[in-house]
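Below is one structure, written out as C-alpha cells, with a few remarks after it.
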Amino acid sequence: MNPSFESIHNIHEAAVIETVLALQGDYPAVAPDLLPDVACVALNRLPPRYIRHSVDLAFYQDEKEREELARLQQSTVRLAFEFVQARRAMRARV
Numbered sequence: 001m002n003p004s005f006e007s008i009h010n011i012h013e014a015a016v017i018e019t020v021l022a023l024q025g026d027y028p029a030v031a032p033d034l035l036p037d038v039a040c041v042a043l044n045r046l047p048p049r050y051i052r053h054s055v056d057l058a059f060y061q062d063e064k065e066r067e068e069l070a071r072l073q074q075s076t077v078r079l080a081f082e083f084v085q086a087r088r089a090m091r092a093r094v
C-alpha cells in the first residue's frame, strides 16, 4: 500500500490566501482574477515550511514565532500586491 502525501502542506498557504483576501480592498487596481497571482508571488517569496498536520505547527511554535511569521506573511503579501500592480500598469502602457 502506498502512503498518502495529501496531508503535507506549506504552512504559509492558508495565511497568505487569507491575507490576500483581507488586503484586496487596499489595492483596487488589482483585479480579482489576479488575486491568485498575488498569492503565488507571495508564496514564492516566503521560505517554504512544510508540515503534515496544523496541530504540529501550533505545538512547536511559541507566540513570538507566530507573531513574527504573521508579520512576515503580511509584508510579503503587500509586496506581492505592489509587484502585480506594477506589472499590470507596465503592460497597460505597452
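Numbering of the sequence shown is given in UniProt numbering, commencing with residue 1 and proceeding in unit increments.
Glycine included, every Cβ here is placed at the ideal spot set by N, Cα and C.
Item to check | C-alpha distance - Ile11 paired with Gly25, whole-angstrom precision | outcome: Walking along the sequence shown from the start, residue 11 turns up at place 11. Walking along the sequence shown from the start, residue 25 turns up at place 25. Going from the Cα of Ile11 to the Cα of Gly25 covers about 24 Å.
Checklist entry - Can you pull the DSSP bridge partners for Ile11? => result Here residue 11 corresponds to residue number 11 of the sequence shown, with the count starting at 1. None; Ile11 has no bridge partner.
Checklist entry - Whole-angstrom Cβ separation of Gln73 and Ala15, contact assumed at under 8 Å? => result Walking along the sequence shown from the start, residue 73 turns up at place 73. Walking along the sequence shown from the start, residue 15 turns up at place 15. About 5 Å; that satisfies the 8 Å criterion.
Item to check | First and last residue of the uninterrupted alpha helix (DSSP H) at Leu43 | outcome: Along the sequence shown, one-based indexing puts residue 43 at 43. Segment Leu35 to Arg45, the alpha helix (DSSP H) holding Leu43.
Checklist entry - Tyr27 by DSSP, collapsed to three states: which one? => result If you number the sequence shown from 1, residue 27 lands on position 27. Coil, per DSSP.
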